[in-house]
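Visitor: Attaching a single structure in structure tokens format; questions to follow.
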Amino acid sequence: MSAKTPSHVDHQVGRRIRQARRAAKLTQGQLGDMIGLTFQQVQKYEKGVNRVSAGTLYEIARVFDIPISWFFDEDIVDRLSAAKDSGTTDFDDCMNLLLDLRQSANLGPVREVLRLAGAR
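Structure (structure tokens):
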């Protein structure tokens, strides 16, 4: 992996950015406007396509009034790395949904978990 290729941690940070943005009921465009980026760049961060710089992560944390450490959950990062190494994409999908559920009152993710569970 090259130094500029997003890692598993970068993907985790992106998922946490999405989770915080959704909890704040902001669009990608609104968050982008608040930190001086386009919605496309926010989307790339959330999908883990682009790495988030420390300065940008600081600005995002400031917008949501949360510590930067919130974006890093070592236990989840370790499990994602293990699942990625084993080639398990279902695990990644479930982890994404669970991260969304963690602080959400929205029933959409719950329905999505049930839909995925029923697809087996």
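The opening residue of the sequence shown carries number 1 in my numbering; numbering runs sequentially from there. We put the CB at the ideal spot given by N, CA and C, even for glycine.
Taking the alpha helix (DSSP H) that LYS47 belongs to, which residues open and close that run?
Guide: Per DSSP, LYS47 belongs to the alpha helix (DSSP H) from 39 to 47.
Visitor: Are ALA23 and TRP70 closer than 9 Å when you measure CB to CB?
Guide: Taking 9 Å as the Cβ cut-off, ALA23 and TRP70 do not qualify as a contacting pair.
Visitor: Report all residues from its chain with a CB closer than 7 Å to the CB of THR38; omit the five preceding and five following residues, and keep chain order.
Guide: Counting only Cβ-Cβ distances below 7 Å, and skipping sequence neighbours, we find GLY32.
Visitor: Please state whether DSSP places PHE72 in a helix, a strand or coil.
Guide: Of the three classes helix, strand and coil, the one that applies to PHE72 here is coil, per DSSP.
Visitor: Take LYS44 and list the residues in its own chain whose beta-carbon comes closer than 8 Å to its own, dropping the five residues that flank it on each side.
Guide: Closer than 8 Å at Cβ, skipping near neighbours: ASN50.
Visitor: For VAL63, which residues from the same chain have a beta carbon less than 6 Å from its beta carbon, with the 5 sequence-adjacent residues on both sides left out?
Guide: If we look at VAL63 and ignore the five residues flanking it on each side, its Cβ neighbours are MET34.
Visitor: Which of the three DSSP states, helix, strand or coil, is assigned to GLN19?
Guide: DSSP places GLN19 in helix when its eight states are reduced to three.
Visitor: Using 9 Å as the threshold, is the C-beta distance between PRO6 and GLY36 below it?
Guide: Contact: no.
Visitor: For ILE60, which of HIS8, ASP10 and ILE17 has the nearest alpha-carbon?
Guide: When only C-alpha atoms are compared, the closest one is ILE17.
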